[in-house]
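Taken in order, the sequence shown gives residues 18 to 335; the numbers are from the working numbering. Idealized CB from N, CA, C, for every residue including glycine. Note that the structure is predicted; figures quoted are calculated from it, not measured. Presented below is the structure to which this report refers.
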Amino acid sequence: MQNYRYLFGPVPSRRLGRSLGVDLTPRKTCTFDCVFCQLGRTTETTMTRKEYVPVDAVLAELDAWVKDEGQTDVITLSGSGEPTLHSGFGEVLQFIRSRTPFPAVLLTNGTLLWLPEVQEAASRAHIVKVSLSAWDQASFGWLNRPHPELSFEQVWEGQKAFRARFHGQLWLEVFLVAGMNALASDVAKIAALAKEIRPDRIHLNTAVRPPSEDFAVPLSQERMEALTPLFCPRAEVIAEFETKQRVEIGAAQEEIYAMLRRRPCTAHDIAETFSMHPNEVSKYLGKLLREKRIRAQVVNSLLYYVAEEGKAEKESSG
């Protein structure tokens, strides 16, 4: 399998099936430093939009992947940071629409949708997912820890303005954290604001993967389900991914490590993504653990593997 610098996966997504990811920004380049982020702390929030990675190189990789008869359910702009910070993300979405048979998806926190140029570029996606997990400036501050120039009202108004011009599917994700925004009274406030955005679907999520802060505690499935009727349309609790098709990818240790650098995963996640036997996954994970390139962490009674950032990548040996 060809090694790609800007593409990853396809990986299992609880929302989208199998998703080929496109990474347009350096790791943790974001307008937020959310307490629940699975990628860890943002070293420095930013509002600077620029060509973080060369668009031509990204399009060349997408073209090569399609010509290699790659299979997926969707192609998603997501990855290690906020994709709308990349000044050319609209060009990438347009390429996916016009040059591939797969739906183009934009996963964004929605913080820059108040900018007309970001609205125009994002409108090229088939599906756009935005986030709303707060209800005022104070809750916005302690949950999302935004760039100082961002206000909650600005973000919310931007999402409403985008809905008015966008004719594709708009999904909204609400991330709930026990003790922070999960009281029914607070969720009702979020639901009222979400209704004004007029999303096609609303997803409730919680910290099922290791978050950036230990105090970001997940809600139970039962509690999440109890909150769904507060939303209009009624919210969906994101279900565990069920693979549609096992595709032989022939993963090796470095591909597994690259996947873990993108996000924490269980051994089951890795086995499903790469169509590998669990024993083979265990072999690779054991070697990465011995090399101290990853660590194991228990969250919600599940064992996740997390890449140790800053560790030198070692040569594979027999």
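Per DSSP, P29 is one residue of the beta strand (DSSP E) stretching across 24-30.
Nearest to I255 by alpha-carbon distance, out of W173, E174, R218, is R218. Going by C-alpha positions, W152 is about 14 Å away from F248. Where H220 is concerned, the enclosing beta strand (DSSP E) starts and stops at 218-223. When rounded, the separation of the alpha-carbon atoms in V28 and K304 is 22 Å. Residue state for W188 is assigned as strand, using DSSP reduced to three classes. For I92, the enclosing beta strand (DSSP E) has its first and last residue at 91-95.
Its chain contains V52, F53, C54, Q55 as the residues whose beta carbon lies nearer than 7 Å to that of P228, once the 5 sequence neighbours on both sides are disregarded; these appear in chain order. S168 carries a coil assignment under DSSP once its states are collapsed to helix, strand and coil. Comparing alpha carbon positions, the residue from A74, E86, V70, P120 closest to P100 is V70. By the Cβ test, the stretch 162-174 is not in contact with the stretch 188-205, since fewer than three Cβ pairs between them sit closer than 8 Å. With contacts defined by Cβ atoms closer than 8 Å, Y274 and R310 form a contacting pair. Proximity to L244 across A181, F192, L302, K84 peaks at F192, based on C-alpha coordinates. Beyond the five residues adjoining it in sequence on each side, R279 comes within less than 6 Å, by CB distance, of F25 in the same chain, given in chain order. In this structure L41 is in contact with L94, their Cβ atoms being roughly 6 Å apart against a cut-off of 8 Å. A distance below 8 Å separates the beta carbons of T48 and H164. Within the stretch 46-110, the runs of beta strand (DSSP E) that reach at least 3 residues and sit entirely inside it are, in chain order, 91-95. For I255, the three-state secondary structure derived from DSSP is coil.
Under the DSSP definition of a beta bridge, I311 partners with A324. Here L129 is actually not in contact with L110; their C-beta atoms are around 15 Å apart, not less than 8 Å. As the crow flies, the alpha-carbon of W188 is around 15 Å from that of V91.
Going by DSSP, L210 is part of the alpha helix (DSSP H) stretching over 201-214. For the 8 Å CB-CB criterion, S97 and E68 do not form a contact. In this structure, G87 lies near L37, with their beta-carbon atoms less than 8 Å apart. C-alpha of E239 to C-alpha of V316: approximately 17 Å in a straight line. Annotated as distal: V194 and V225, with beta-carbon spacing of 8 Å or more.
Cβ contact annotation for M241 (same chain, cutoff 6 Å, sequence separation greater than five): L221, V254, in chain order. Looking at R114, I214, D73, D85, the one whose alpha-carbon comes closest to that of W131 is I214.
Spatial neighbours of E166 in its own chain (CB-CB distance under 8 Å, excluding positions within 5 residues in sequence) are listed in chain order as M64.
Cβ neighbours of F157 within its own chain (closer than 6 Å, five residues either side excluded): A151, F169. One alpha carbon belongs to A139, the other to R307, and they sit about 43 Å apart.
Cβ-Cβ distances below 8 Å link I207 to L149, S150, A151, W152, V191, N198 in the same chain, with the five nearest sequence neighbours on each side left out; the list follows chain order.
Residue pairing by DSSP puts T283 in a beta bridge opposite Y321. One thing to note: L79 has its Cβ within 8 Å of the Cβ of F112.
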